[in-house]
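Okay, so here's the structure we're looking at.
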């Protein structure tokens, strides 16, 4: 099935900074191994990571993914909700995914404490997004749950738009939160930050 996914990614020109270093399969393997039940994704774009998470849930025969994005309402690089929805249906993954319009910061307000088993965030991440994520998901993530964020490398902190819009760097935030989180960063661009709560 992963071969079919890679074929569709190429054929449909799905955009993701993850493609170059095949981060989709890294995420897929985490979901397969950890067998999460309640999964959350914030930031979908063309659905690259959504597809890999959903396929892992299908292969586990367990778990559900709630995926949120602003889609057409995001003023920068965006995608169309219906395009992503149709892609999930074509791959027979839609039964595992609730694809929704939603703003990251309002979505999490009503999520119960310790209720999430897996969270993936890719929303033009910068230091402020990381700070928010580490603070809010310390409460929302279940013991043993995984938080994965796009970015975390020096090269990623130096991309053009981070400088242009004077965005705070990610690496400094990672260092500050190592007291409350176990954090590993996959170093290939753009980086993938993988965190679990310290107990």
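Residue numbers (our numbering): 338 to 536. Idealized CB from N, CA, C, for every residue including glycine. Treat the numbers as computed from the prediction; the structure is a model and nothing was measured.
Item: Whose C-beta lies closer than 7 Å to the C-beta of residue 463 among residues of the same chain, with five residues either side of it excluded?; Value: 499, 504, 505, 507
Item: Of all the beta strand (DSSP E) runs that stay within the bounds of the segment 466-529, which reach a length of 3 or more residues?; Value: 478-487, 518-523
Item: Going by DSSP, what residues sit across from residue 405 in a beta bridge?; Value: 379, 437
Item: Under three-state DSSP, which class holds residue 453?; Value: strand
Item: Considering only DSSP beta bridges, list what residue 532 is partnered with.; Value: 484, 520
Item: What residues in its chain sit with their C-beta under 6 Å from that of residue 451, if we drop five residues either side in the sequence?; Value: 479
Item: With H, G and I counted as helix, E and B as strand and the rest as coil, what does DSSP make of residue 458?; Value: strand
Item: Among the residues of its own chain, which have a CB less than 8 Å from the CB of residue 341, if the five just before and after it don't count?; Value: 428
Item: Can you give me the C-alpha to C-alpha distance between residue 366 and residue 393, rounded to a whole angstrom?; Value: 7 Å
Item: Can you tell which of 388, 475, 440 has the C-alpha that lies nearest to the C-alpha of residue 449?; Value: 475
Item: Measuring only from the beta carbon, is residue 473 closer than 8 Å to any heavy atom that is part of the ligand ATP?; Value: No copy of the ligand ATP appears in this structure; indeed no ligand is present at all.
Item: Look at the alpha carbon of residue 488 and the alpha carbon of residue 523, and state the distance between them as a whole number of angstroms.; Value: 9 Å
Item: Candidates 344, 364, 410: which alpha carbon is nearest residue 528's?; Value: 364
Item: Put residue 361 into one of helix, strand or coil per three-state DSSP.; Value: helix
Item: Quick check: residue 434 and residue 410, are their CB atoms within less than 9 Å of each other?; Value: no
Item: Return the chain-ordered list of same chain residues with a C-beta closer than 8 Å to the C-beta of residue 519, the five sequence neighbours on each side being excluded.; Value: 532, 533, 534, 535
Item: By Cβ distance below 6 Å, which residues in the same chain neighbour residue 384 in space, the five residues on each side in sequence not counted?; Value: 421, 424
Item: So, at 7 Å on beta carbons, what are the nonlocal neighbours of residue 352 in its own chain, with the 5 sequence-adjacent residues on each side left out?; Value: 382, 383
Item: Taking 9 Å as the CB-CB limit, is residue 463 close to chain C?; Value: The structure shown contains no chain C, having only a single protein chain.
Item: Go ahead and label residue 502 buried or exposed: buried means 16 or more other beta carbons lie within 10 angstroms of its beta carbon, across all protein chains shown.; Value: exposed
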